[in-house]
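Student:
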Amino acid sequence: MLHVLALRFTARRPRRPRHTSPRYEPDHNRLKAVLLPLHTPNFLLSTFSKTPPLSFFNLPISLEVQRGSAKLDGRGVCYCDLGESDGARLCESRTCPETRAHMEGDVMDKLEDVDSVYEFDPFTGNIPATKVEITVSCRNLLDKDTFSKSDPLCVLYTQGVETKQWREFGRTEVIDNTLNPDFVRKYILDYFFEEKQNLRFDLYDVDSKSPDLSKHDFLGQMFCTLGEIVGSPASRLEKPLGGIPGKKCGAIILSAEELSNCRDVATMQFCANKLDKKDFFGKSDPFMVFYRSNEDGTFTICHKTEVVKNTLNPVWQSFNIPVRALCNGDYDRTIKVEVYDWDRDGSHDFIGEFTTSYRELARGQSQFNVYEVINAKKKMKKKKYVNSGTVTLLSFSVESESTFLDYIKGGTQINFTVAIDFTASNGNPSQSTSLHYMNPYQMNAYAMALKAVGEIIQDYDSDKMFPALGFGAKLPPDGRVSHEFPLNGNIENPYCNGIEGILEAYHQSLKTVQLYGPTNFAPIINHVARYAAAVQDGSQYFVLLIITDGVISDMAQTKEAIVNGAKLPMSIIIVGVGQAEFDAMVELDGDDIRVSSRGKLAERDIVQFVPFRDYMDRTGNHVLSMARLAKDVLAEIPDQFISYMKSRGIKPNPAPPPYTPPGHTHHTQI
730 MLHVLALRFT
740 ARRPRRPRHT
750 SPRYEPDHNR
760 LKAVLLPLHT
770 PNFLLSTFSK
780 TPPLSFFNLP
790 ISLEVQRGSA
800 KLDGRGVCYC
810 DLGESDGARL
820 CESRTCPETR
830 AHMEGDVMDK
840 LEDVDSVYEF
850 DPFTGNIPAT
860 KVEITVSCRN
870 LLDKDTFSKS
880 DPLCVLYTQG
890 VETKQWREFG
900 RTEVIDNTLN
910 PDFVRKYILD
920 YFFEEKQNLR
930 FDLYDVDSKS
940 PDLSKHDFLG
950 QMFCTLGEIV
960 GSPASRLEKP
970 LGGIPGKKCG
980 AIILSAEELS
990 NCRDVATMQF
1000 CANKLDKKDF
1010 FGKSDPFMVF
1020 YRSNEDGTFT
1030 ICHKTEVVKN
1040 TLNPVWQSFN
1050 IPVRALCNGD
1060 YDRTIKVEVY
1070 DWDRDGSHDF
1080 IGEFTTSYRE
1090 LARGQSQFNV
1100 YEVINAKKKM
1110 KKKKYVNSGT
1120 VTLLSFSVES
1130 ESTFLDYIKG
1140 GTQINFTVAI
1150 DFTASNGNPS
1160 QSTSLHYMNP
1170 YQMNAYAMAL
1180 KAVGEIIQDY
1190 DSDKMFPALG
1200 FGAKLPPDGR
1210 VSHEFPLNGN
1220 IENPYCNGIE
1230 GILEAYHQSL
1240 KTVQLYGPTN
1250 FAPIINHVAR
1260 YAAAVQDGSQ
1270 YFVLLIITDG
1280 VISDMAQTKE
1290 AIVNGAKLPM
1300 SIIIVGVGQA
1310 EFDAMVELDG
1320 DDIRVSSRGK
1330 LAERDIVQFV
1340 PFRDYMDRTG
1350 NHVLSMARLA
1360 KDVLAEIPDQ
1370 FISYMKSRGI
1380 KPNPAPPPYT
1390 PPGHTHHTQI
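In this text, residue positions in the sequence shown follow my numbering: the first is 730, and each later residue adds one.
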């Protein structure tokens, strides 16, 4: 009998938060081989191996992971971009070779469970950003014209994370003969809480119709972040213009408004009729996969239904999905839906597909929302082919929900507290091998983690005064060990002025305390919880950042503190620095298994743990490393924030009335 050597490999990767971009290499040391008869039927292959040999299922998997832009073929096989570009993500398709090669642990273990087919949460996974509309006004601009007032134009620039280059985003119209313009043309920006989105506004006095800005007089500029604008009272930021030495350039006023369709959540239900039979011994086990089309013609997965077993006429459960996840606010954008027959071995059979749009779905149940499921390959081969069944929309509704920015605009403050590990395992701070070593030319990992997270969160705290604590050190003068001491040495007032103030207090503490131990988290968590317990009306939310180098010593007490904290308006971010093994820390991150203590489960997931080493840029670009870290650890904060508010029935306070400028003067296009 002829035999064939069938190969498979799995890739182990560190557990990562749901919002991150995968950047992992396959572990070729885990290559496995199975000797199988050449003519073994597909349905018997699972007898030999929990993972079916990939070549038998017509999956284009090779030992070298393919790289390239995301493309989907007719069977939904995806070639994901796993390069270093920001935003690269797995496509979530179980027929995707990249997903199969990079899924956590042993990839096929997940396929033993039907749930793995539709393990995708549209509320937390790969959702387009909320969009905000920025309105620009200026007051008391410089007057550059001799016989009349200036004719101002505002130009917005955005800054890339990696290159730090400024790129022109857009221009307002020109308003003639005024020093106090209220521009009509607005900027619409994608908003990410977890990113520091740097903006620059340049003002010009336009002297001609030339689009070349060097031909016009510069009136001043202002730098800020998008977080500063939305985090200001009523999401209205006023700052002085600068850029011309010795001149008062006036002021710029920026107002942010979240686009209304970013709040909409659609609820829909589908059924199917007379789908193709794909199973040899029974009927099909159908499920559907929804894809949103992108600007470049590719598709991004946005929802998977559950599997309905052994039927050609399934009725799927209704599901909720943010409208922005479905169509990114474009109601006419194509939505592609693929129908599959689920197979335990992961080689789900493609039944067919159809396309629709949000506008069509919004019509609700009607003759317009009965779709023929078409398999293009079968249609080409069979002249009498009609379809592979039909899918019908049974119900559709849409509701507006309160968003994170609704609460921020209504006045909710985010209070940031940092806690730093001063245990002896960090090493002597005076030696270059120490994690606390203060290199005059480069920040250490503690400072980088603090700065990366703090510089983003500070935009949502009006007074910029942050408590900074340490733990695991002996304090002067008596050598008492403390797990809850203020970095500035002031027990009555542990607040530091801004992120730079925290860094200064941290540096001073290293000169006065003695590193000791053990690594206890519970006192710090309980410290913040006491403050959070005093303000549960939705006016404040607390974020605790713990930066540590080692394995936790008080796991039981910490779990209890987390379970108690989950009832309060607080979230906890834990960043591990150094090369220690942090396996025990993963227990505290409740993404997969909710933290429990004394038989009680935490009400909600409030902890995010990551090791900083996973985010270090290979080229030594610390700015990029910090941006990656912040993006991952902060991405869940808005969801955790909303989960608390919803669980307590807290609605956002009404925003103050929007700024209404006086009547507009004549404008000119440029």
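Glycine included, C-beta positions come from ideal geometry on N, C-alpha and C. Since the structure is predicted, the reported quantities are computational estimates derived from the model, not experimental observations.
Could you check whether N909 and R965 sit closer than 9 Å to each other, using their CB atoms as the reference points?
Tutor: As a first step, residue 965 must be located in the sequence shown, where it is residue number 236. As a first step, residue 909 must be located in the sequence shown, where it is residue number 180. No, Cβ-Cβ distance for R965 and N909 is not below 9 Å.
Student: Just mark I1322 as buried or exposed, buried being the case when its beta carbon has 16 or more other beta carbons within 10 Å.
Tutor: Counting from one through the sequence shown, the residue named residue 1322 turns up at place 593. Exposed, because fewer than 16 other Cβ atoms sit within 10 Å of the Cβ of I1322.
Student: Alpha carbon to alpha carbon, how far is Y1170 from T1146?
Tutor: Taking the sequence shown and counting its residues from 1, the one referred to as residue 1170 is at position 441. Taking the sequence shown and counting its residues from 1, the one referred to as residue 1146 is at position 417. Cα-Cα distance, rounded: 26 Å.
Student: Distance check for R1377 and R992, CA to CA, integer angstroms please.
Tutor: Here residue 992 corresponds to residue number 263 of the sequence shown, with the count starting at 1. Here residue 1377 corresponds to residue number 648 of the sequence shown, with the count starting at 1. Those two C-alpha atoms are separated by around 20 Å.
Student: Mind checking E1310: buried by the 16 CB within 10 Å criterion, or exposed?
Tutor: Position 581 of the sequence shown, counted from the start, is the residue given in the question as residue 1310. E1310 is exposed by the Cβ-count criterion.
Student: Nearest-angstrom Cα distance between N927 and T1063?
Tutor: For this step, residue 927 is matched to residue 198 along the sequence shown. For this step, residue 1063 is matched to residue 334 along the sequence shown. Those two C-alpha atoms are separated by around 32 Å.
Student: Does DSSP put I1253 in a helix, a strand or coil?
Tutor: For the purposes of this step, residue 1253 is taken as residue 524 along the sequence shown, with counting starting at 1. DSSP places I1253 in helix when its eight states are reduced to three.
Student: Give the range of the beta strand (DSSP E) segment to which K968 is assigned.
Tutor: Counted from its first residue, the sequence shown places residue 968 at position 239. Counting along the chain, the beta strand (DSSP E) containing K968 begins and ends at 965-969.
Student: How many Å lie between Y847 and I1276 at the Cα?
Tutor: Here the question's residue 847 lines up with position 118 in the sequence shown. Here the question's residue 1276 lines up with position 547 in the sequence shown. Here the model assigns Y847 a pLDDT of 36, short of 50, so the residue's position is not dependable, and the following value carries that caveat. Approximately 35 Å between the Cα atoms of the pair.
Student: From S879 to G971, what does the alpha carbon distance come to, in whole angstroms?
Tutor: Counting from one through the sequence shown, the residue named residue 879 turns up at place 150. Counting from one through the sequence shown, the residue named residue 971 turns up at place 242. One C-alpha to the other measures close to 17 Å.
Student: In chain order, what residues of the same chain lie with their CB nearer than 6 Å to the CB of A1356, ignoring the 5 residues before and after it?
Tutor: The residue you call residue 1356 lines up with position 627 of the sequence shown. Closer than 6 Å at the Cβ level, and outside the excluded window around A1356, lie V890.
Student: Going by the DSSP bridge assignment, what does T864 pair with across the sheet?
Tutor: Stepping through the sequence shown from its first residue, residue 864 is reached at position 135. Its beta-bridge partners are S984.
Student: Can you give the Cα-Cα distance for L1273 and V1257, rounded to whole angstroms?
Tutor: Locating residue 1273 in the sequence shown gives position 544, where the first residue counts as 1. Locating residue 1257 in the sequence shown gives position 528, where the first residue counts as 1. Going by the C-alpha atoms only, they are around 7 Å apart.
Student: Can you give me the Cβ contacts of S1131 inside the same chain, cut-off strictly under 6 Å, excluding the 5 residues immediately before and after it?
Tutor: To locate residue 1131, count along the sequence shown from 1; it is residue 402. Cβ neighbours of S1131 beyond the five flanking positions: P1381.
Student: Among N1098, G1081, K1065, which has the Cα closest to the Cα of G1026?
Tutor: Here residue 1026 refers to the residue found at position 297 of the sequence shown. Among N1098, G1081, K1065, the Cα nearest to that of G1026 is on K1065.
Student: Excluding five sequence neighbours on each side, which residues of the same chain lie with their C-beta closer than 7 Å to the C-beta of E1184?
Tutor: As a position in the sequence shown, residue 1184 is number 455, starting the count at 1. Around E1184: K925, I1228.
Student: Taking C-beta to C-beta, are A1174 and V1306 nearer than 9 Å?
Tutor: Against the sequence shown, residue 1174 aligns to sequence position 445. Against the sequence shown, residue 1306 aligns to sequence position 577. Against a cut-off of 9 Å, the Cβ pair of V1306 and A1174 comes out as a contact.
Student: In the DSSP output, what is Q1171 paired with across the bridge?
Tutor: Start at 1 with the first residue of the sequence shown, and residue 1171 comes out as number 442. N1168.
Student: Assuming D1318 and F1338 make a contact with CB atoms under 8 Å, what is their CB distance in whole Å?
Tutor: Here the question's residue 1318 lines up with position 589 in the sequence shown. Here the question's residue 1338 lines up with position 609 in the sequence shown. Confirmed, about 4 Å.
Student: S866: which of E1221, V1210, A985, L955 sits nearest, CA to CA?
Tutor: The residue given as residue 866 occupies position 137 in the sequence shown. Looking at the Cα atoms, A985 is the closest of the given residues.
Student: Going along the chain, which residues of its own chain have a beta-carbon closer than 8 Å to the beta-carbon of P1158, five neighbours each way excluded?
Tutor: As a working mapping, residue 1158 is identified with position 429 in the sequence shown. Here the set comprises H1165, Y1166, M1167, L1239, L1244.
Student: Just to confirm, does A1054 get its C-beta within under 8 Å of one of the non-hydrogen atoms of the ligand FAD?
Tutor: This structure lacks the ligand FAD; in fact it carries no ligand of any kind.
Student: I'd like the ranges of any alpha helix (DSSP H) spanning at least 4 consecutive residues and lying wholly in the region 1011-1085.
Tutor: Here the runs fully enclosed are 1052-1056.
Student: Note the first and the last residue of the continuous beta strand (DSSP E) segment covering I1276.
Tutor: Stepping through the sequence shown from its first residue, residue 1276 is reached at position 547. Where I1276 is concerned, the enclosing beta strand (DSSP E) stretches over 1269-1277.
Student: Indicate whether I1149 and Y1235 have their beta-carbon atoms separated by less than 9 Å.
Tutor: Residue numbering aside, residue 1149 sits at position 420 when the sequence shown is read from its first letter. Residue numbering aside, residue 1235 sits at position 506 when the sequence shown is read from its first letter. Their beta carbons are under 9 Å apart, which means I1149 touches Y1235 by this criterion.
Student: Under DSSP, the alpha helix (DSSP H) around P910 begins and ends at which residues?
Tutor: In the sequence shown, the residue the question calls residue 910 occupies position 181. Counting along the chain, P910 falls outside any alpha helix (DSSP H), and DSSP gives it neither H nor E.
Student: Near V1037, which residues of its chain fall below 8 Å by C-beta distance, leaving aside the five closest residues on each side in sequence?
Tutor: Position 308 of the sequence shown holds residue 1037. Result list for V1037: D1014, P1015, F1016, P1043, V1044, W1045, in chain order.
Student: Alpha carbons only, please: which of A1313, V1264, I1303, R1259 is nearest the one belonging to A1285?
Tutor: Your numbering for residue 1285 matches position 556 in the sequence shown. The candidate whose alpha carbon is nearest that of A1285 is A1313.
Student: Are the CB atoms of I1366 and F922 within a distance shorter than 9 Å?
Tutor: As a working mapping, residue 922 is identified with position 193 in the sequence shown. As a working mapping, residue 1366 is identified with position 637 in the sequence shown. For F922 and I1366, yes; Cβs fall inside 9 Å.
Student: For S1195 and H1212, what's the separation of their Cα atoms in angstroms?
Tutor: In the sequence shown, residue 1195 corresponds to position 466, counting from 1. In the sequence shown, residue 1212 corresponds to position 483, counting from 1. Residue 1195 is actually Phe in this sequence, not Ser. Roughly 18 Å between the two C-alpha positions.
Student: May I ask you to list the residues that DSSP assigns as paired with A995?
Tutor: For the purposes of this step, residue 995 is identified with residue 266 of the sequence shown, where counting begins at 1. BP columns for A995 point to I1050, V1127.
Student: What does the alpha-carbon distance come out to for the pair C1225 and A963?
Tutor: Position 496 of the sequence shown, counted from the first residue, corresponds to residue 1225. Position 234 of the sequence shown, counted from the first residue, corresponds to residue 963. Distance between the alpha carbons of C1225 and A963: 25 Å.
Student: Whether or not the region 934-948 and the region 910-921 are in contact is what I'm after, with contact meaning three or more pairs of Cβ atoms, one per stretch, closer than 8 Å; do they touch?
Tutor: Touching, no.
Student: Counting only the same chain and skipping the five closest in sequence on each side, list residues whose C-beta sits under 8 Å from that of S1124.
Tutor: Residue numbering aside, residue 1124 sits at position 395 when the sequence shown is read from its first letter. Here the set comprises T996, M997, Q998, S1047, G1093, Q1094.
Student: Taking the alpha-carbon of G1199 as reference, which of R896, V1264, T1152, Y1136 has the nearest alpha-carbon?
Tutor: Here residue 1199 corresponds to residue number 470 of the sequence shown, with the count starting at 1. The residue with the shortest Cα to Cα distance from G1199 is T1152.
Student: Which same chain residues, not among the five before or five after I958, have their C-beta less than 6 Å away from its C-beta?
Tutor: Working through the sequence shown from its first residue, we reach residue 958 at position 229. For I958, where only same-chain residues beyond five positions count, the Cβ hits under 6 Å are L966, L983, A985.
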